[in-house]
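Structure record follows, encoded as structure tokens.
Residue numbers (UniProt numbering): 1 to 317.
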């Protein structure tokens, strides 16, 4: 596997840190990652090792205010126009990949925050990839989301769009920990692997919180993509894999993920697969001790296999 770090120029002229992992063999598929809240693309290197072994180019960029990009270390924020701009950047990055690897199909994956970006992307008229993998996602009742949005709006009007508050931290992180007691950290809901959890919490590129503005944008997208109408323009045969841990509170311990599948099917989509990994928490990529990460990789590769370019037949002597 070869790793290239580079700067991707976004649609607004902004510079975003990006990475691409290249297989030793001829590329058979492009796998574009949209990462989760407060993290960065570097956390996907172990996954990239497995994918590149199968000839899958793996790539993505650090979201605005995340990872190696400019921003406050204590607070991730997209800025007021940042959500829509990021959707456009996802498309621009896809175009850059497909231009470099002509004729190679692209699968778009989003995890956690990235899952809602990808769902919003698919419902907003952007270029449709060959398939989508949506991981660590969920949904909540629209009335509940409206109520939380009002609370969050009061916070950013009082403290600023790009700032955070104790209430934002509680709503965006602490509530997920309620089912994991006694909890050793504020992030037990993320992962049961203590070594991986410690690595996450001590990661110098991790942002400690998210801004009131980014949280509002996320809630707004959750509400927008929780309706069948959001997916009405997608081809009925468009392939989607919903993949989550069965012990993930973001997906309401599987029930929220099932609801997302029902919403998509109600929109007429008939190629939606749902896979829940027993006992795995939110960040299934780092559930190493339990073996859930390996199970996730197997399920993912099984889904991706049908999109791989078939190897060319050997030439005749």
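Glycine included, every Cβ here is placed at the ideal spot set by N, Cα and C.
Could you pull out every residue in the same chain whose Cβ sits closer than 7 Å to the Cβ of residue 315, ignoring the five residues on either side in sequence?
Confidence at residue 315 is low in this model, with a pLDDT of 47, below 50, so its placement is unreliable and the value that follows should be read with caution. Closer than 7 Å at the Cβ level, and outside the excluded window around residue 315, lies no residue.
From residue 165 to residue 138, what distance separates their C-alpha atoms?
24 Å
Own chain partners of residue 56 with C-beta closer than 8 Å, once the 5 adjacent residues on each side are dropped
23, 27, 28, 29, 30, 31, 304, 308
C-alpha gap between residue 325 and residue 113, whole angstroms
Because the chain here runs from 1 to 317, residue 325 falls outside it and cannot be looked at.
Backbone CA spacing between residue 186 and residue 261 [nearest angstrom]:
29 Å
May I have the straight-line CA-CA distance separating residue 265 from residue 258, to the nearest angstrom?
So the two alpha carbons sit approximately 11 Å from each other.
Assign residue 131 to one of two classes, buried (16 or more other C-beta atoms within 10 Å of its C-beta) or exposed (fewer than that).
buried
For residue 79, is the beta carbon positioned less than 7 Å from some heavy atom of the ligand GDP?
Ligands in the displayed structure: none, and consequently the ligand GDP is not present.
Can you tell me whether residue 13 is helix, strand or coil according to DSSP?
coil
Is it the case that the stretch 231-248 contacts the stretch 277-285, given that we only count it when at least three CB pairs across the two stretches are under 8 Å?
Contact between the stretch 277-285 and the stretch 231-248 is present, because at least three Cβ pairs lie under 8 Å.
Could you give the distance in angstroms between the alpha-carbon of residue 54 and the alpha-carbon of residue 135?
Near 21 Å, if we compare the C-alpha coordinates of residue 135 and residue 54.
Any idea if residue 193 is buried or exposed, counting beta-carbon neighbours within 10 angstroms, 16 or more meaning buried?
buried
Please report the distance separating the alpha-carbon of residue 298 from that of residue 212.
37 Å
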